Amino acid sequence: MKNGSPRLDLLIRNARIVDGTGAPSFTGSVGVRGDRIVAIEPSDVEAEATATLDVDGRVLSPGFIDVHSHDDFAVVFEPEMGFKVEQGVTSEIVGNCGIGAAPHECARGFSNAIFPGHQLPPWNGFAGYLDYLDYLDENPPSLNVGTLAGHGVLRQAAMENPRGAPSAGELSRLRDSLRCALEEGAVGYSSGLIYDPSRWATTEELVALAREMSRTGGLYATHMRDESRLLLDSVAEAIRVGSEGGVPVQISHHKASGRASWGLVHDSLRLIEEARAQGGDVTADQYPYTAGSTILSAVLGWLTGESDEGLRMEPCDVVIASNPDDPSLEGLSIADIARQWEIAPADVARRIVEQGQLRVWVVLHTMCEDDVQTVLRHPTTMIGSDGIQTPAGKPHPRLYGTFPRVLGRYARDLAILSLEEAVRRMTSFPAEKFGLRDRGTIRVGAHADLVVFDPETIADTATWTDPRRAPEGIRHVFVNETSVVRDGAHTGARPGRSLRGPVR
Ligand SMILES: [Zn+2]
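Be aware that the sequence shown starts at 41, since it is given in this note's numbering, and climbs by one per residue.
Here it is as structure tokens:
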């Protein structure tokens, strides 16, 4: 911003700059030109700029990165992604929990279950990720999108009977399709070891795929086999895949689920620390709530008692979030419905799953606040919403509130993290882990993904009964320099880009 330098496109003045690295904030100005940050001045400056924004001492930080999203299809069908960018999120990673948008013929069924009546646009190719990412560049959403390759979908595509062990030929086809997905732009691969058909994989299979990936780069993200009584075994398995496979590990939505498991996160965090002390790149993500959410069919065994391992779930803790076949059940627990229908809770769950299959989503109140805070406090935890948009129903409020909730409730109100550290967990830390180059920090040369928020008022407002509510305190959001949220309202702009992985 020296005299004689070319005119800026955007000058953001009078900001409390939280640069994403965890360093103390400072007051200053940031200049942007041609989608990049070109100047940072620790003072208020006058400079030639096409647009100037005086933010009146509010926080200016890098845009937030949601490392755990399930909006593989929402970015196609609802590209404005208001529920996400209005939280300050400027980039997200989809393809989590073994699920993914490609290849097309495997992804279509899941897409139809989430967005009934919406036709998934065609994308081709052996792995399909190249076409998917190209599609997003040609039909951009409002935020940047990177994807993992879903292990469950890889299995579906490569195996005759994906609910079993792969033959030698099928294992080599699995390896080929993973390599191809990485070459096509995936940032790694994800497993979903409670879901069909990912859960049929042995640790050896996951290691074999990790070894394949270690030749090109990319991380292994995992929804572990068991997040309750067998949590520690699950974390050990994830760490083993990383160490034997030679890849970085991301433990998805780190938690201890079910009363009998509360407190185990102290031990699981210790396992992560030990793995890191031995040189492993092991980290985790978390959403800041004491309830989870998934499809009802995935937890049926735990609810009916037919699953002999792990979690027992109480019917009063399982609440229907979305049920397109009978929206009147949304917001009711399995116990509520059992009283209405005058049948046993297990039979309620079975009947709803039979009717609704993959379309029924539930919220599961199975965690405790102490554990949420313990995990959040730990320096290896970054933030991921685990949100999934469904066109109707009452989704888990994390879809609308995750990032403001960390900054408001947990950083400001409960002082679990400093403001600078909370921002780091949602910016530079995830950018580094997921290989998102030139994003996640405010520095000269970085992409101009930026958020302006009011640290005094930032708060989530989405609740269990009224989840579709935008947060408070997010004033402005810029994605690749373009304003997508102005004075708290979506501008309709869609400047997002695909974020491609280590193989280019
Ligand atoms: Zn998951």
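The beta-carbon is built from N, C-alpha and C at its ideal position, and this holds for glycine as well.
This structure is a prediction, so every number in the text was calculated from the model and none was measured.
Within 7 Å of the C-beta of residue 263 there is at least one heavy atom belonging to ligand 1. Closest option to residue 182, judged by alpha-carbon separation, among 189, 433, 129: 129.
With a threshold of 16 other beta carbon atoms within 10 Å, residue 383 falls short and is exposed. Collapsing the DSSP output to three states places residue 127 in coil.
Taking residue 104 as the centre and dropping the five residues before and after it, the same chain places the C-beta of 128, 129, 443, 466 closer than 6 Å to its C-beta, in chain order. In the DSSP assignment, residue 66 falls within the unbroken beta strand (DSSP E) covering 66–73. Apart from the 5 residues on each side of it in sequence, residue 161 sits with its Cβ closer than 7 Å to the Cβ of 116, 175 in its chain, given in chain order. In this structure the region 390–401 touches the region 350–369; the number of beta carbon pairs closer than 8 Å is three or more.
Residues 67, 69, 84, 94, 95, 96, 97 of the same chain have their beta carbon placed closer than 8 Å to that of residue 54, with the five preceding and five following residues left out of the count.
Taking the CA atoms as reference points, residue 520 sits about 29 Å from residue 165.
In terms of Cβ geometry, residue 234 and residue 338 form a close pair [threshold 8 Å]. Around the beta carbon of residue 454, fewer than 16 other beta carbons lie within 10 angstroms, which makes this residue exposed.
Rounded to whole angstroms, residue 206 and residue 199 show a C-alpha spacing of 7 Å.
Closest by C-alpha distance to residue 362, out of 431, 479, 91, 474, is 431. Beta-bridge analysis with DSSP links residue 233 to no other residue. Close CB contacts of residue 271 within its chain, under the 7 Å cut and outside five residues either way in sequence, are with 296, 301, 304, 308 (chain order). Sequence-distant partners of residue 267 (beyond 5 residues in either direction) whose C-beta falls short of 6 Å from its own C-beta, in its chain, are 295, 297.
About 7 Å separates the CB atoms of residue 290 and residue 324; that is less than 8 Å, so the two are in contact. If you check the CB distance, residue 59 and residue 483 come in under 8 Å. DSSP, reduced to helix, strand and coil, places residue 253 within a helical segment of the structure shown. Under the DSSP assignment, residue 523 falls in the beta strand (DSSP E) whose first and last residues are 522–526. Comparing alpha carbon positions, the residue from 120, 260, 496 closest to residue 279 is 260. Of the other Cβ atoms in all chains shown, fewer than 16 fall within 10 Å of the Cβ of residue 356; this residue is therefore exposed. In this structure, residue 371 sits near residue 434, with a CB-CB distance shorter than 8 Å. In this chain, the alpha helix (DSSP H) harbouring residue 152 covers 144–154. Unbroken alpha helix (DSSP H) runs of no fewer than 4 residues, entirely contained in the region 247–305, are found at 271–285, following chain order. Distances from the CB of residue 232 to the heavy atoms of ligand 1 include at least one below 7 Å.
As the crow flies, the alpha-carbon of residue 78 is around 10 Å from that of residue 50. Counting along the chain, residue 409 sits inside no beta strand (DSSP E); it lies in the alpha helix (DSSP H) bounded by residues 409–417. Rounded to whole angstroms, the gap between the alpha carbons of residue 360 and residue 537 is 34 Å. Counting only runs of at least 4 residues, the region 328–378 fully encloses the following alpha helix (DSSP H) elements, listed from N- to C-terminal order: 336–344. In the DSSP annotation of this structure, the continuous segment of the alpha helix (DSSP H) that includes residue 395 starts and ends at 385–396.
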